[in-house]
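Residue numbers (UniProt numbering): 1 to 127. Positions of the beta carbon are idealized from the N, C-alpha and C atoms, including for glycine. None of the values given here were measured: they were computed from a predicted structure. To start, the structure under review is shown below, and the notes come after it.
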């Protein structure tokens, strides 16, 4: 097997918290969770009910296949029971950009895009 297909390491991701997320429910709150993906690998955090500042503290592991090309994508949704889940923003981190910052672990405050408000705090470690 080539290095590209067998994986060259692990990326351990902790989705720590969301800050000032968009309100999506009539109550002025949201029930936010994250879908986190890298290539075809995908994980989800738990739903935090009725908050705009969720504390997920959710750790997940991804197989790194290409340090130059792999990109971690984080998308935040509001969980709805009787209608489609609402989009609360997305953000990305390229592994190449992390490596330029030196040795990890890295603590990143990531602005959510395609929305007017919201950030996600993450901790990233390469093994």
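Item	Value
Residue 58 (DSSP reduced to helix, strand or coil)	strand
Residue 97, DSSP secondary structure in three states	helix
Beta-carbon proximity check, residue 126 vs residue 52, cutoff 7 Å	no
Cα-Cα separation, residue 128 to residue 17	Not covered by the structure: residue 128. The range shown for the chain is 1 to 127.
Segment contact, 8 Å Cβ cut-off, at least three pairs: the segment 32-51 with the segment 97-113	no
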